[in-house]
Amino acid sequence: MKLTWLGHSGFRLEIEKAVILIDPWMTGNPVFPAARRDEAIRGATHILLTHGHGDHSGDTLALAKELGIPVVGIFDLISFWQESEGIEGIGYNKGGTVDLGGAKVSMVPASHSSSLGSPNGPIYAGSEVGYVIAGEDRVIYLSGDTTIMADMGWIGEYYRPDVGILSAGGHFTMDMKGAAFAARKYFDFGTVVPCHYRTFPLLEQSAKALAEGLPDVAVIEPEVLVPIEL
Numbered sequence: 001m002k003l004t005w006l007g008h009s010g011f012r013l014e015i016e017k018a019v020i021l022i023d024p025w026m027t028g029n030p031v032f033p034a035a036r037r038d039e040a041i042r043g044a045t046h047i048l049l050t051h052g053h054g055d056h057s058g059d060t061l062a063l064a065k066e067l068g069i070p071v072v073g074i075f076d077l078i079s080f081w082q083e084s085e086g087i088e089g090i091g092y093n094k095g096g097t098v099d100l101g102g103a104k105v106s107m108v109p110a111s112h113s114s115s116l117g118s119p120n121g122p123i124y125a126g127s128e129v130g131y132v133i134a135g136e137d138r139v140i141y142l143s144g145d146t147t148i149m150a151d152m153g154w155i156g157e158y159y160r161p162d163v164g165i166l167s168a169g170g171h172f173t174m175d176m177k178g179a180a181f182a183a184r185k186y187f188d189f190g191t192v193v194p195c196h197y198r199t200f201p202l203l204e205q206s207a208k209a210l211a212e213g214l215p216d217v218a219v220i221e222p223e224v225l226v227p228i229e230l
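UniProt numbering puts the first residue of the sequence shown at 1, with every later residue one more than the last.
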């Protein structure tokens, strides 16, 4: 299993028979090297979206059409795009699980907001969510953009993820200390990968506080387009 950071909250996850692009925002992403776009998307089978904000959904429609692959996410947004954009989609809701090339992807709550930009201001884009992704004898909790929330308690107890991909940049989501607190209180991770940081000066630039708060966990600071073996 390989996890490759695309900058911000974007990842390429190679698991079972699937190559999943998670929250693909590359165009205009200041930490993503545009010249390496083809490398990042090569062989992709699905796009997995946590919510509608442009720094997560930015390249979703273009990639879905270019690659002819489905977008997976909250029913409201996916069904809207299926009708308005003609894309292939797999829309479902919290509590549901779908099979993506042998990986079982369960939708779970997050606590944030979700909208699409329009000339008249933001428009509704369904609920913000996270995911639990199970395959190859690993279970990954992808928090999506979120603050600390009590729902993490049952997510940790029910799914028992051993890998956490946690939004941790602060200002819009948990910061590093908050993510460390959530990981200690609600989960039993062996590995944690932070995201939603380093993109802009407004966000945290280092995961030092996360690592210090989780001394018994392997905290891996990702580097753009450098695969992490899980």
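Note that CB positions come from ideal geometry on N, CA and C, so glycine has one too.
Keep in mind the model is a prediction, meaning the values are calculated, not measured.
Notebook entry, point to check: Does the Cβ-Cβ distance between His46 and Leu100 come in under 8 Å?
Noted result: Closer than 8 Å, so yes.
Checklist line | Cβ neighbour criterion (16 or more within 10 Å) applied to Asp226 | finding: Checking the sequence, you will find Val at residue 226 rather than Asp. Classification for Val226: exposed.
Next item on the list: From the DSSP output, in three-state form, read off Glu223 for me.
Entry: If DSSP states are grouped into helix, strand and coil, Glu223 belongs with coil.
Next item on the list: Rank Leu230, Val163, Arg198 and Gly73 by C-alpha distance to the C-alpha of Ala183 and give the top, closest one.
Entry: Restricting attention to Leu230, Val163, Arg198 and Gly73, the CA atom closest to the CA of Ala183 is found in Val163.
Item checked: Under 8 Å between C-beta atoms of Phe32 and Val224 -> Judged by beta-carbon spacing, Val224 lies within the 8 Å limit of Phe32, meaning their Cβ atoms are closer than that value.
Margin query: If the criterion is Cβ atoms closer than 8 Å, does the pair Pro109 and Asp151 meet it?
Written below: Yes.
Note to self: If you follow the beta strand (DSSP E) that Phe11 is in, where does it begin and where does it stop?
What the structure shows: Looking at the DSSP string, the run of the beta strand (DSSP E) that includes Phe11 is Phe11 to Ile15.
Checklist line | Own chain residues within Cβ distance below 8 Å of Asp145, not counting five before or after | finding: Around Asp145: Ser9, Thr50, His51, His53, His56, Ala110, His112, Glu128, Ser167, Phe172, Thr173 and His196.
Notebook entry, point to check: What's the C-alpha gap between Ala125 and Ile74?
Noted result: C-alpha separation (whole angstroms): 9 Å.
Margin query: Can you tell me where the beta strand (DSSP E) holding Lys2 begins and where it ends?
Written below: Annotation for Lys2: the continuous beta strand (DSSP E) segment containing it runs Lys2 to Trp5.
Margin query: Comparing C-alpha positions only, which one of Glu66, Glu204, Lys208 and Thr199 sits nearest to Trp5?
Written below: For the residues Glu66, Glu204, Lys208 and Thr199, the minimum Cα distance to Trp5 belongs to Thr199.
Note to self: Considering only DSSP beta bridges, list what His46 is partnered with.
What the structure shows: By DSSP's assignment, His46 forms a beta bridge with Ile20.
Notebook entry, point to check: Once you ignore the five residues that flank Val71 on each side, which residues in its own chain have a CB closer than 7 Å to its CB?
Noted result: Short of 7 Å from the beta carbon of Val71, and not among the five residues preceding or following it, lie these beta carbons of its own chain, in chain order: Ile47, Leu49, Thr60, Ala64, Ile78, Trp81, Ile87 and Gly89.
Checklist line | Selection from Pro201, Val192 and Lys17 that minimises the alpha carbon distance to Ala218 | finding: Considering only Pro201, Val192 and Lys17, the residue with the shortest C-alpha distance to Ala218 is Val192.
Checklist line | Cβ neighbours of Leu67 in the same chain (closer than 8 Å, five flanking residues each side left out) | finding: Same-chain partners within the cutoff: Ile41 and Ala44.
Note to self: List, from N- to C-terminal side, the beta strand (DSSP E) runs of 3 residues or more that fit wholly inside the region 61 to 132.
What the structure shows: Correct list: 71 to 74, 89 to 92, 97 to 100 and 103 to 109.
Next item on the list: In the DSSP assignment, find the unbroken alpha helix (DSSP H) run with Ser143 in it and report its ends.
Entry: Note, Ser143: premise wrong, no alpha helix (DSSP H); not H, not E.
Next item on the list: Output yes or no for whether 8 Å exceeds the beta carbon distance between Ala18 and Gly102.
Entry: Note that the C-beta distance between Ala18 and Gly102 is below 8 Å.
Margin query: Under DSSP, the beta strand (DSSP E) around Gly190 begins and ends at which residues?
Written below: Counted as a single uninterrupted DSSP element, the stretch harbouring Gly190 is not any beta strand (DSSP E), since DSSP gives it neither H nor E.
Next item on the list: Following the continuous alpha helix (DSSP H) through Gly153, name the residue where it begins and the one where it ends.
Entry: In the DSSP assignment, Gly153 falls within the alpha helix (DSSP H) that extends over Asp151 to Tyr159.
Check: For the beta strand (DSSP E) that Gly164 lies in, which residues bound it at each end?
Finding: From DSSP, the beta strand (DSSP E) with Gly164 extends over Val163 to Ser167.
Margin query: If I follow the unbroken alpha helix (DSSP H) through Ile148, where does it start and stop?
Written below: In the DSSP assignment, Ile148 falls outside any alpha helix (DSSP H) and carries neither an H nor an E.
Next item on the list: State the start and end residues of the unbroken alpha helix (DSSP H) segment that holds Arg37.
Entry: Arg37 -> alpha helix (DSSP H) spans Arg37 to Ile41.
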